Each structure stands twice: as structure tokens, then as C-alpha cells.
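Asks: Before I ask anything, let me first share the structure, which is written out below as C-alpha cells.
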Ligand code: ACM
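Numbering (this note's numbering), first residue to last: 31 to 787.
In C-alpha cells, the structure reads:
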């Protein structure tokens, strides 16, 4: 091996001498490294493999991490081989590393400790699940060369510990998970209406009282859901009796937080604290109601009443709190929040009216901006940079602030921020909110996120510091539920954040499928890939067979037909299930460690083929109508709202100019070219309903992101009345209809499928 040549070519443009991850299953590394070259042979990692720190004191944590991997092995009498960490100032890419695995030695080359940790994460993934089986004799690492560096400097995960509390022991595990996927910013949302989680020495009541609550409405929803899914139960360890009352919550002392910050930073992770204000402050205003404009701590129409920006005492409180936060967290970034502020109480306050007059502020939005600017000046005076949610754009913004973009329904906000020269971190809800429910399309959606797709110029793209996942925990009370929500979306986002070069969903999916055994070995409660091959509304004529496709090897599928939730004791699905009477099947997959996937409900209805019509005058295409109004449901569409019509070949929206919100209708006949059971797949953003033979077949109605729903119907040969209603609620739309005929393959509807009279 010519190490010098390797070092020379690395970090040039991806050289054609590198075969770039052609064998995903053999090298299932996520995020995908920039360059990987296979080599002959393997390195055997034994208990007596010597770990050498050739980098100095800064690399002690990385060295210890490798030693801990070694500690899990059985003792060995083999001649010792070596793993060497070497500091190499020649690696100039920020956080870059090179990993050279030879049969005799593993070499990690990096200029900084972060790079060493990212190399170790790659190494751990190469070993895979075997590293987690206690008492293995050795680990096998395939020989290779990797040269790698991140696309973005900001690869964040945000966690709300206010709505539900997560303890220090788990936060360390959470950081380990982040490091394994090369995330480097841990944004911790420490305060909100539902609980104050960080000790502030000046105001001890914020945690002695503000960290504890009686159960609230979110908790009640969780407890109800826990009846079917124990992951929604509130952990007993977070209950405590205070003054004879059973209270729920928890907090971190400053010493505990200091320890966590050290733990994170020695692994390349920076902790960014958020104290969200002026809104979302009820945990504090309950104790200090004088902080609000009305002097009362109360819920407003949509959000809780915020701090009052017109009282000097508010700034005194805010500055005291942030002074302690600044002293505790070494990060130069601190998050002020500033989202979702209900300003009605400000508009009514005499103090605010006076202040607006005095400061020449024309609206309550400008008042919010006044608060944010003043806080930013305070941040800056203490050497800190302020981050705020994208509402900081409203009412004027300072170009030195950093914007965290979350409101996907304000698609112009990033461009607007860029024109003002703001740095930004991209966390739009539709891609990055991992508290949003998942369906079969969620993972691909996250993987497809392009944080530059906001109309930026090349120069403006440089303002994008990176991407971040957001995890709001109103309905995430437990560690198991948290992991269910973030894995494997976290892996998909890691590739958006880290990997350079072309995205390749098929490659990612293969590498992800190869990584599930590693997640099993780590006991991570991930969301399993979807079972497919069926429709929730299924149909048979005489009899049929349920054949399920499970992309994940090693699972056992279990089902019920009596309406009950499947359990580990339910019947095993053995590859097919005969259906010859109307039946409800509930089926789920269990991993070898007993963890359970989604429960799928399949309703089988027995139907005769509905009679196909013959049309006297069948013209090609469908009658299309356009209704430029705002609707929440397709059933609100009225003929009186119709503006124009046209004939379309299939499901198209032939409009040159579209209103921001509108409805459409496609009407005519679907042609079934033989008797059989047809499955329709309707994907829509926002809502859409498909009616066949004048009956609702697929109900995908309502305002929502792109969701696919499917249903089956038994059709006789011939024409069948067809109607598709659709609404766009703003922010871009998706409308796609596919089907599978008897013995056919899935295809998108086309001109030959439709006619009108
Ligand atoms: C947010 O989701 N309110 C930032």
C-alpha cells in the first residue's frame, strides 16, 4: 500500500481510481463516505490489538472509545496488531478524516479530534452488529481506504426536553447515537410551557417548582395511546411526590449539564441551549406572572401569553437567565426561540402602547423585533451569537442573527433571509420534524431533502450552515417512542447533512437495510420498513391469498383475525394466508429481539364484478374542472365556484395560472380491460378522493403532506364512472394515481385508461 499516494489524491475531486461504494451490502456505511476504495484482505481486531494515540492529549477520548470496543472481546494470544490515531495537519477539510484498513494495521488520520470520532463511527459500522455481541473472539474489518469529510458544518438534532423529560443517562446514549451518524450539533430545547429543565441559580423555583407538573392534556393522550402501545406510557422514573402530590417531570443541575457538555464535546458534538422566549414561557410565568403584559399567566387563543417586551423587569429576568446559560454552555451559539408569539396582550397593554409611541414602532410585530434586537445586543455583548426561529424575520431582522427555518408553509422565508445576508439552519417541518407521523413514504421524503432548493444564488447557498432534525415531544414520552420516531429518519438526514455527490436512494435503502441488525444489537426501537403487497381495503370475488412482502430479513410476522392487536403469542404468518370470507386481518412484524413494528389492518370485502358499461360515444380523456377557492376538504368543492374547464388525457392539472389554493375535479369513465380485482393508489398533497361507480373508493381527503392511500375494487370488463376530486391548500401540490389490474404491474394511469361522453 502506498500511503503517500493515498494521502495525495484524497480530497481532490473524487478520483476515478476510487470505486465508489459499488457494493452497498458489504460496506453499509451511513452517511456515505466521499471516497472508498476496496483493498484485498482484512484486519482482525483482537483483545490484544494495541490502540496507539499518536495525536496527543486532544485524542484521548477517541483512544478510549477504541479501547472500549476492544474491551468487549475475549482474551487472545495472537501476536498484537495495531490501531493508530495519527494527527495529520495535511488534512485540511474541516472535520475530515482518512481511514486506512490494512491486514496488519488500522490507521486513522485526522487533523482534529472530531475527525477521529467520525473515523471511529465509520469503523464501528464496518464491524457491524458483531461488535455488540459480548465475548466475540475478534472483529473483522474489511481492508479499505476511506477519505471523507462533511458537506455541512452544521449537522444538528434538536430535542425538546420540556414537553417530556429525558434524563442525563439517556442523553448520553442519545449523543452516542448522534456520533455514530456523524451529527455534531445537539440543540436542546430546555424550556417551554410544560416544564423548565435547567437549573438557574438566581431563580431556584424555576426548577424546584417549574420542572414538575400534574398531568396535562398531552399526557392524557399518551396514556390513552399506551393502552395499545406501551411506548406511550409515562416513565415511572420521572414521577416524584412533592408536598404530598404526585408530580411528573425533572430537570438538570448545572453540574450535570456541565458533565453532559464535556461528554458531548469530547466526541465532537457541540451543545446549543435554547431558552424559548418571549412566547412558550408558561413554566416561568406561572411562578412570576408579573413577567406578562396582563400580569396573569394564562393561555391565549392559540399560544400562552408571552413575556411583556415593554417592562424593564422582563429584560432583567431574561438577562439573568441567559447570563447563567452563557457561563454554562461554551458554544458561541445560543438560541432565543422567538417562535409562535401571541401578541394580543401587548396590543392591549398601556405600557406597550407607550413604548411603541416612544420607540416609533408601528405594530406588535415591530415590538417583537424590538425585543429580539435588544436580546441580540445582549448576546453579542457577552460574545454569543443569537439563533432564532424564522419568525425573527417578521418586523425587521438583524443580519448578524442566525435563522432556524422551520415553517415549511412560508417557502419564501429562506430566500428572504438570504437577501438580508442571514446565516441559516434548515429544519423545515415537512422534511425535518421527526415528531411527524411516519408512513411508507417518510424515509424517502427525508432523504430527498435539498436544503438549497429555495431559489438561492450560488453565493447565497453559502449562508446555509447546514440541516437539523427537530423532535418535539408532546406525544413522545419515552425513550422507546423517541427512538421509534427518529430511526431510521435520522440516518436519511445524516446523508443529507454529510454526504457530497449525487444522492442515490437505492444505494441508501440497501445500506439502511443492511444496518438494521446493528440497530437490533443496540436495542434501538426503530420504525421497521413497511410491510407491503396489500391494500388496507382489499377485495376478493371467490377467494384470494394474502401475500405480504417484508423487506427486512429475520422478522417473524404475526396476525389476528378477531380484531385484537397482534402480540408475540398471535398466529405466525407463514408466507400466505387464504381469504375466502370477509375478514379483518391485523398483522405486524417482530424482530428477533422481540421489538414490534407497525400494526397493519387489512379489511377484506367480498364483491361480485361490477358491471362494465359500453358507451355509445366514448371520447378520449377526462372532463377537468377548476375551482380557485380555499377548501379544507374535497367535499366543500361547489359547482358555483367553477372558473374553467378542459379535457385532460389522464390525471393532469392543465392550468397556466393557478391560485394559491384551489380545487379540481376529473370526471369520466375508467376502462377495465378484463374482469378482475383492481388496486388504485392515490398519492396527494393536499387532499383527494377517488370515486368509482359513484362510490367513494379511496379517501385521502383533508389538508396534509403527500400521503398515498390505496383500495381495491372488483370491476367487470368495460367502462366504470370515475371521479377524482382534489384540493391544494397552499405550498405546492402532488397528485398521482397508479393502479394494478388483474395479473398486471403497478402503473400510472394514462390516456388509454379513460374516456368521457
Ligand atoms: C416550532 O416548531 N415552533 C419552532
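We put the CB at the ideal spot given by N, CA and C, even for glycine.
Computed from a predicted structure; not experimentally measured.
For a minimum of 4 consecutive residues, which ranges assigned as the alpha helix (DSSP H) are wholly contained in the region 471–553?
Replies: Segments of the alpha helix (DSSP H) lying fully in the region 471–553: 472–477, 488–491, 509–516, 519–528 and 535–551.
Asks: With which residues is residue 65 paired in a DSSP beta bridge?
Replies: In the chain shown, residue 65 corresponds to position 35, counting from 1. Note: residue 65 sits in a beta bridge opposite 177.
Asks: Let me know the secondary structure DSSP gives residue 676 once reduced to three states.
Replies: Along the chain shown, one-based indexing puts residue 676 at 646. DSSP places residue 676 in strand when its eight states are reduced to three.
Asks: Flag this pair as yes or no: are the beta carbons of residue 657 and residue 672 separated by less than 8 Å?
Replies: Taking the first residue of the chain shown as position 1, residue 657 is located at position 627. Taking the first residue of the chain shown as position 1, residue 672 is located at position 642. In this structure, residue 657 sits near residue 672, with a CB-CB distance shorter than 8 Å.
Asks: So which of 651, 614 and 269 has the shortest CA-CA distance to residue 12?
Replies: Given that the chain is displayed from residue 31 to residue 787, the structure contains no residue 12 and the question cannot be resolved.
Asks: Just checking residue 242 against the ligand ACM - is the residue's beta carbon closer than 7 Å to any of the ligand's heavy atoms?
Replies: By one-based count along the chain shown, residue 242 stands at place 212. The answer is no for residue 242.
Asks: Once you ignore the five residues that flank residue 209 on each side, which residues in its own chain have a CB closer than 7 Å to its CB?
Replies: Working through the chain shown from its first residue, we reach residue 209 at position 179. Take residue 209, set aside five residues on each side of it, and the residues of its chain with a beta-carbon closer than 7 Å to its own are 147, 151, 297, 298 and 299, in chain order.
Asks: Can you give me the start and stop residues for the beta strand (DSSP E) that residue 329 sits inside?
Replies: One-based indexing of the chain shown puts residue 329 at position 299. From DSSP, residue 329 is part of no beta strand (DSSP E); its letter is neither H nor E.
Asks: Kindly examine the ligand ACM and report whether one of its heavy atoms sits closer than 7 Å to the Cβ of residue 275.
Replies: Position 245 of the chain shown holds residue 275. Residue 275 Cβ: outside cutoff for every heavy atom of the ligand ACM.
Asks: Quick one: residues in its chain with C-beta nearer than 7 Å to the C-beta of residue 485, no 5 flanking neighbours on either side, listed in chain order?
Replies: On the chain shown, position 455 is the one that residue 485 refers to. Only 445 meet the Cβ criterion.
Asks: Please report the residue range of the alpha helix (DSSP H) in which residue 745 lies.
Replies: Here the question's residue 745 lines up with position 715 in the chain shown. Element bounds for residue 745: not the alpha helix (DSSP H) but the beta strand (DSSP E), 737–745.
Asks: Do residue 370 and the ligand ACM come close, with the Cβ less than 7 Å from some heavy atom?
Replies: For the purposes of this step, residue 370 is identified with residue 340 of the chain shown, where counting begins at 1. At least one heavy atom of the ligand ACM is nearer than 7 Å to the Cβ of residue 370, so yes.
Asks: So, with DSSP's three-state summary, where would you put residue 781?
Replies: One-based indexing of the chain shown puts residue 781 at position 751. It is helical.
Asks: Express the C-alpha separation of residue 764 and residue 678 in angstroms, rounding to a whole number.
Replies: Residue 678 sits at position 648 when you count from the first residue of the chain shown. Residue 764 sits at position 734 when you count from the first residue of the chain shown. Those two C-alpha atoms are separated by around 17 Å.
Asks: My parser needs the beta strand (DSSP E) runs of 3 or more residues fully inside the region 87–156; what are they?
Replies: Counting only runs of 3 or more, we get 112–117, 127–131 and 135–140.
Asks: Under 7 Å Cβ to Cβ from residue 286, same chain only, skipping five residues before and after it: list those, please.
Replies: For this step, residue 286 is matched to residue 256 along the chain shown. The answer, listed in chain order, is 198.
Asks: For residue 439, verify whether its CB is less than 7 Å away from any heavy atom of the ligand ACM.
Replies: Here residue 439 is taken as the residue at index 409 of the chain shown, counted from 1. For the ligand ACM, not one heavy atom lies less than 7 Å from the Cβ of residue 439.
Asks: With a threshold of 6 Å on Cβ separation, who are the neighbours of residue 291 within its own chain once the five nearest residues in sequence on each side are excluded?
Replies: Counted from its first residue, the chain shown places residue 291 at position 261. So the qualifying residues of the chain are 301.
Asks: Do the region 178–187 and the region 497–510 make contact, defined as three or more Cβ pairs closer than 8 Å?
Replies: yes
Asks: Hey, would you say residue 646 sits closer than 8 Å to residue 748, going by beta carbons?
Replies: The sequence position of residue 646 within the chain shown is 616, counting from 1. The sequence position of residue 748 within the chain shown is 718, counting from 1. The answer is no: Cβ separation not under 8 Å.
Asks: Taking 7 Å as the cut-off, is the C-beta of residue 376 nearer than that to any heavy atom in the ligand ACM?
Replies: Stepping through the chain shown from its first residue, residue 376 is reached at position 346. Checking every heavy atom of the ligand ACM against the Cβ of residue 376, none is found closer than 7 Å.
Asks: Cα-Cα, which of 215, 700, 176 and 777 is closest to residue 68?
Replies: Reading the chain shown from its first residue, position 38 is the one you call residue 68. Nearest of 215, 700, 176 and 777 to residue 68, Cα basis: 176.
Asks: Within a Cβ cutoff of 6 Å, which residues of the same chain sit near residue 421, ignoring the five residues on either side of it in sequence?
Replies: Residue 421 sits at position 391 when you count from the first residue of the chain shown. For residue 421, where only same-chain residues beyond five positions count, the Cβ hits under 6 Å are 368 and 369.
Asks: Which residue wins for smallest C-alpha separation from residue 630, given the options 559, 351 and 473?
Replies: Indexing the chain shown from 1 puts residue 630 at position 600. Taking only the C-alpha atoms, the option nearest residue 630 is 559.
Asks: Closer than 7 Å to a non-hydrogen atom of the ligand ACM - does that hold for the CB of residue 419?
Replies: As a working mapping, residue 419 is identified with position 389 in the chain shown. Under cutoff, so the answer is yes.
Asks: Could you tell me the distance, in whole angstroms, from the CA atom of residue 53 to the CA atom of residue 538?
Replies: Residue numbering aside, residue 53 sits at position 23 when the chain shown is read from its first letter. Residue numbering aside, residue 538 sits at position 508 when the chain shown is read from its first letter. Unreliable placement is indicated for residue 53, whose pLDDT of 49 sits below 50; no coordinate value is reported for it.
Asks: When you compare only the Cα positions, how much space is there between residue 799 and residue 331?
Replies: Nothing can be reported for residue 799, as the shown portion of the chain is limited to 31 through 787.
Asks: Alpha carbon to alpha carbon, how far is residue 313 from residue 458?
Replies: Locating residue 313 in the chain shown gives position 283, counting from the first residue. Locating residue 458 in the chain shown gives position 428, counting from the first residue. Their backbone Cα atoms lie some 26 Å apart in a straight line.
Asks: Can you confirm whether the region 466–474 touches the region 511–525 when touching is taken to mean that 3 or more C-beta pairs between the two stretches lie within less than 8 Å?
Replies: Taking 8 Å as the limit for Cβ pairs, the verdict is that the region 466–474 does touch the region 511–525.
Asks: Does the beta-carbon of residue 612 have 16 or more other beta-carbons within 10 angstroms, so that it is buried, or is it exposed?
Replies: Taking the first residue of the chain shown as 1, we reach residue 612 at position 582. Residue environment analysis places residue 612 among the exposed positions, since fewer than 16 neighbouring C-beta atoms fall within 10 angstroms of its C-beta.
Asks: Quick one, which of 308, 282 and 183 has its alpha-carbon nearest residue 454's?
Replies: Counting from one through the chain shown, the residue named residue 454 turns up at place 424. Taking only the C-alpha atoms, the option nearest residue 454 is 183.
Asks: Using 8 Å as the Cβ pair cut-off and three pairs as the minimum, do the region 424–434 and the region 393–410 touch?
Replies: yes
Asks: Only counting runs of 4 or more residues, tell me where the alpha helix (DSSP H) segments fall wholly within the region 295–355, in order along the chain.
Replies: DSSP runs (the alpha helix (DSSP H)) wholly in the region 295–355: 312–315.
Asks: Would you kindly work out how many angstroms separate the C-alpha atoms of residue 129 and residue 179, rounded to a whole number?
Replies: For the purposes of this step, residue 129 is taken as the residue at position 99 of the chain shown. For the purposes of this step, residue 179 is taken as the residue at position 149 of the chain shown. The alpha-carbon atoms of residue 129 and residue 179 are separated by roughly 11 Å.
Asks: Work out the CA separation of residue 85 and residue 38 for me, nearest whole Å.
Replies: Along the chain shown, read from residue 1 onward, the residue named residue 38 stands at position 8. Along the chain shown, read from residue 1 onward, the residue named residue 85 stands at position 55. For residue 38, the predicted model reports a pLDDT of 35, less than 50, meaning its position is unreliable; a value from the coordinates is still stated below. About 20 Å.
Asks: Spatial neighbours of residue 417 within its chain, please: C-beta separation below 6 Å, excluding the five flanking residues on both sides.
Replies: In the chain shown, residue 417 corresponds to position 387, counting from 1. If the five residues before and after residue 417 are omitted, its C-beta is found closer than 6 Å to the C-beta atoms of 363, 365, 432 and 434, all from its own chain and listed in chain order.
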